[in-house]
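Enquirer: Supplied in structure tokens, the structure appears directly below.
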Amino acid sequence: MMATTHGFVGLAIAAVVAVIAPEFAVAAAIGGIAGGIFPDLDVLAEHRRTLHFPGYYTMVALPALGLAYVVTDVVTVSIATFLVAAAVHSLSDALGGTPSAVPWESDLDHAVYLHAADRWLPAKRWVRYDGAPEDFVAGVVFAVPALVIFDGAIRYLAVTGIVVSLVYTAFRRPIGHAVAGIK
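If you use the working numbering, the sequence shown corresponds to residues 1 to 183, in order.
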């Protein structure tokens, strides 16, 4: 899935926090966006293996949630939201295609690396590839809570993310072929 889709999922998680504890809305939004996008920085290394930790993020997110509940401040809330969003990102990449630049031409069947088991999780292909039309739709659906709950800069960021996602979706295949030609 697109990094923006994962960012929107992080914002949807943050929207739940914003409803429960509005005073931590901004901290949760920052943590959610950052955690939603962070694992995809490994596109510069071995994508979906270097910074994608489906098991480890989950194991660390659970105590972080407990800490944020007991010691509730902007730091613990943003860290907990970051870790939950990063865990959901890493786990949800198994629902998509492969990490290839041109996944619609790939014969690989791996989606995300599960470090604890030393193996790749298989690609489910519910979202065929990042930037597929269904990825765009999923991103918009996950952006809705942010558009409803947040205002100001966070809402503007969500709208900007939707526009960026639309442009990327429109040009995803040519971008993939160009990137594959560079490698």
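For each residue, glycine too, the CB sits at the ideal point set by N, CA and C.
Values in this document were obtained by computation on a predicted structure and should not be read as measured data.
Would you check if the distance between the CB atom of GLY97 and the CB atom of VAL127 is smaller than 9 Å?
Expert: Translated into the one-based positions of the sequence shown, residue 97 becomes position 97. Translated into the one-based positions of the sequence shown, residue 127 becomes position 127. Yes, these two residues count as a Cβ contact at 9 Å.
Enquirer: Looking at the structure shown, is VAL164 part of a helix, part of a strand, or coil, going by DSSP?
Expert: Position 164 of the sequence shown, counting from 1, holds the residue named residue 164. DSSP places VAL164 in helix when its eight states are reduced to three.
Enquirer: Check each candidate in THR5, ALA14 and MET2 and name the one with the smallest Cα separation from ILE154.
Expert: For this step, residue 154 is matched to residue 154 along the sequence shown. Here the closest residue by C-alpha is ALA14.
Enquirer: Taking the alpha helix (DSSP H) that PRO63 falls in, what are its first and last residues?
Expert: Taking the sequence shown and counting its residues from 1, one reaches residue 63 at position 63. Element bounds for PRO63: 54-70.
Enquirer: Got a sec? Which residues, its chain only, sit under 7 Å from ALA12 by beta carbon, not counting five neighbours each side?
Expert: Looking up residue 12 in the sequence shown gives position 12. So the qualifying residues of the chain are PHE142, PRO145 and ALA146.
Enquirer: Pick out whichever of GLY35, ASP73, PRO54 and PHE136 has its Cα sitting closest to the Cα of PRO22.
Expert: On the sequence shown, position 22 is the one that residue 22 refers to. Out of GLY35, ASP73, PRO54 and PHE136, ASP73 has the C-alpha closest to the C-alpha of PRO22.
Enquirer: Just list the residues that DSSP pairs TRP126 with in beta bridges.
Expert: Locating residue 126 in the sequence shown gives position 126, counting from the first residue. BP columns for TRP126 are empty, so no partner.
Enquirer: Within the same chain, show all residues whose beta-carbon is closer than 6 Å to that of GLY36, passing over the 5 residues directly before and after it, in chain order.
Expert: Position 36 of the sequence shown, counting from 1, holds the residue named residue 36. Closer than 6 Å at Cβ, skipping near neighbours: HIS6, GLY7, VAL9, GLY10, ALA85 and HIS89.
Enquirer: For TYR69 and LEU83, I'd like the C-alpha separation in whole angstroms.
Expert: Mapped onto the sequence shown, residue 69 falls at position 69. Mapped onto the sequence shown, residue 83 falls at position 83. The alpha-carbon atoms of TYR69 and LEU83 are separated by roughly 14 Å.
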